[in-house]
Amino acid sequence: MGPPEPPPVITEAPPPARMSVPGVFNEFAAAELEPLPPPAEDLWVRIRKGYAIADLDDRYVAKWEQWYASRPDYVARMVDRSRRYLYHIVVEVEKRGIPLEVALLPMVESAFNPTALSTSRASGIWQFIPSTGTDYGLKQNFWFDSRRDVIAATDGALNYLQKLYTDFGDWQLALAAYNWGEGNVARAIAKNRKAGLPSGYASLKMPDETRNYLPKLQAIKNIVGDPEKYELELADIPDAPYFAVIKTTRRMDVKRAAELAEMPIDEFQYLNPHHNRPVIAGADEYTILLPIDKAELFAAKLDLIDQPLVSWQAYRLRVGETLPQVAAKFGMPVGTLRAVNGIGARTKVNAGHALLVPSQRVSVESEETLANAVFTTVPQGRTFYYSVKRGDTMAGIATRYAVSAQDLRGWNGLAQNVLRPGQQLRITSDLAPHAGRAKRPTGNRILSTKAKPIALHAKSTKPAAVKPVVNSRTAKAAQPAGG
């Protein structure tokens, strides 16, 4: 039996000048921070006061104003989803001195759907593609995808936007580059200058998607500024933190974590979509976001439990064994086995591949198999070979096919990023060859906007779970983005 687990640490995100959580967690929760601005009437008032980007006024803006105004249900769902994350984003934007219109950008990118996935594999409310996510420190592995972590992804997105503003010295150009890519914007500027033409945003030739990107944001900015003008009603969002951050070293089932917080699983997953599997594992420390009024309850309950909280284990696929055979062995549908492990319906896995399966018996030993096994992400999409051309770079090819440079090196047994013309690279991607360059991060067509809860149940082989006690005050989970 190892040393006792340290108690969970609670912090608000972001906290007030000093946060003090009553009870046994005081020593962990208090934190000295710079004071925040005085609270506004609500968060919309605070956002309006921080507008600082030059307005656009063209036919594209009018088109998108009419589009949103004619879809009040869509706007209401988008606003409902945003209430979980918007306060945190506003505070982070203000800390950096960035215009507060930028806090509304996820409405354009993803309609604030944390599980939105684009055709270029861009994910999360800020729509990072894999390679750009890696560039900005967003880890993506079997267990979690930080592109869907509202704290990490917001930090990465604002870092990227600040870089773009430094590069171009203009927020309209920076936002266009966020959608289209900084290289494309730089080349468009250079082309105009060479021709003796103006090089501002309105003068550049750009794809329709990017030409509509800023007008969408301007339309949303105008609606937030005066919703009555558009006969829309924006639900109030308190100018206060929605969630607190729990740091813990304990592995646990997602279902069990939701039970400890006395909240529905779907609401838990809206705050924690970065956890890919039905069990929170795969690191030395885990970040869990919970509504402010649930955090201390969760921490207190967790601190009283010394038995394992995991009902899953690692299983290595044997030679000649098939996934249907493994599913039958552990009493679960083969579709659930594939979903839990991120394996597509047509994807094959080889002997030796580590699988996540239900434990026959909850124990420290079965939990430890998760720490001792090496779980790998199964590539999704079609596998093909790409012939390297003169001028190609590893990063450029990775971006084009919405994969990471690390994946490219791994698939091709390369230790470095050095390429030679004519070299054949093996690539697995949803993007067909010559399909065009993926955006960095993208506002591309959303491939999936419905929240996809990870499979949490197998069959009766799993031990009976504690019946959740749902607090009636818990907010109802927002509907996924859609019409």
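Take any residue in the sequence shown, count from 1 to its spot, add 77: that is its number in this note's numbering. Where a beta carbon is used, it is the ideal one built from N, C-alpha and C, also for glycine.
Asked	Found
Let's test the definition: count the other Cβ atoms within 10 Å of the Cβ of Y319 and tell me whether it reaches 16, buried, or not, exposed.	buried
Does DSSP classify D316 as helix, strand or coil?	coil
Between the segment 407-417 and the segment 361-381, are three or more C-beta pairs nearer than 8 Å?	no
With DSSP collapsed to three states, give me the class of R148.	coil
Expressed to the nearest angstrom, what Euclidean distance is found between the alpha-carbon atoms of L291 and K298?	10 Å
How many angstroms separate the CA atom of L366 from the CA atom of H165?	12 Å
Compare the C-beta of R503 against all C-beta atoms of chain C and say whether one is closer than 8 Å.	Protein chain content of the structure displayed is limited to a single chain, and chain C is not contained in it.
Would you list the one or two residues that DSSP bridges to D330?	V356
Taking the beta strand (DSSP E) that V455 falls in, what are its first and last residues?	Premise fails: V455 is in no beta strand (DSSP E) and is neither H nor E.
Can you find the residues in the same chain that come closer than 6 Å, C-beta to C-beta, to S443, ignoring five residues on each side of it along the sequence?	Q390, S436
Assign P498 to buried or exposed, taking buried as 16 or more other Cβ atoms, counted over all protein chains shown, within 10 Å of its Cβ.	exposed
Have a look at E336, R158, T470, T209 and flag the residue whose alpha-carbon is nearest the alpha-carbon of M184.	R158
Between the Cα of L294 and the Cα atoms of L447, K282, Y213, A139, which residue gives the shortest distance?	A139
Out of curiosity, what's the CA-to-CA distance linking H430 and R423?	16 Å
Starting from E503, trace the beta strand (DSSP E) in both directions and tell me its first and last residue.	Here residue 503 is Arg; the residue named in the question, Glu, does not match the sequence. That run of the beta strand (DSSP E) goes 501-506.
Less than 8 Å separating the beta-carbons of L309 and V152?	yes
From the DSSP output, in three-state form, read off A193 for me.	coil
Using CA atoms only, rank isn't needed, just tell me which of V387, L281, Y462, P284 is closest to V441.	V387
Checking the sheet assignment: what are the DSSP bridge partners for R477?	For R477, which the question treats as bridged, DSSP gives no partner whatsoever.
Three-state secondary structure (DSSP) at S549?	Residue confidence is low: S549 scores 24 on pLDDT, short of 50, so the model does not pin down where it sits. No coordinate-derived value is stated.
Could you name each continuous alpha helix (DSSP H) segment of 4 residues or more that falls completely within the segment 400-456, going from the start of the chain to the end?	400-406, 411-418, 441-449
How big is the Cα-Cα spacing for Y363 and F221?	10 Å
Taking the beta strand (DSSP E) that L367 belongs to, which residues open and close that run?	363-368
Please determine, among A265, Q204, R125, the residue with the shortest C-alpha to C-alpha distance to T192.	Q204
Give every residue of the same chain whose Cβ lies closer than 7 Å to the Cβ of L348, excluding the five residues on either side of it in the sequence, and list them in chain order.	R161, F320, L366, L367
Go ahead and pull the three-state DSSP assignment for V465.	coil
If you draw a straight line from the alpha carbon of Y463 to that of N236, how long is it in whole angstroms?	32 Å
Can you have a look at T460 and say buried or exposed, based on whether 16 or more other CB atoms are within 10 angstroms of its CB?	exposed
Our contact map puts Y242 next to W248 with C-beta atoms below 8 Å; I'd like the distance itself, whole angstroms only.	6 Å
Tell me where the beta strand (DSSP E) around Q249 begins and ends.	No beta strand (DSSP E) holds Q249; the alpha helix (DSSP H) holding it covers 248-257.
If you reduce the DSSP assignment to three classes, tell me which class Y392 lands in.	strand
How many Å lie between N289 and T209 at the Cα?	22 Å
Quick one: grab the DSSP three-state call for P85.	coil
Secondary structure at A139, three-state DSSP: helix, strand or coil?	helix
Determine the burial state of T326: buried for a count of at least 16 other Cβ atoms within 10 Å of its Cβ, exposed for fewer.	exposed
Per DSSP, V495 is paired with what?	Per DSSP, none; premise fails for V495.
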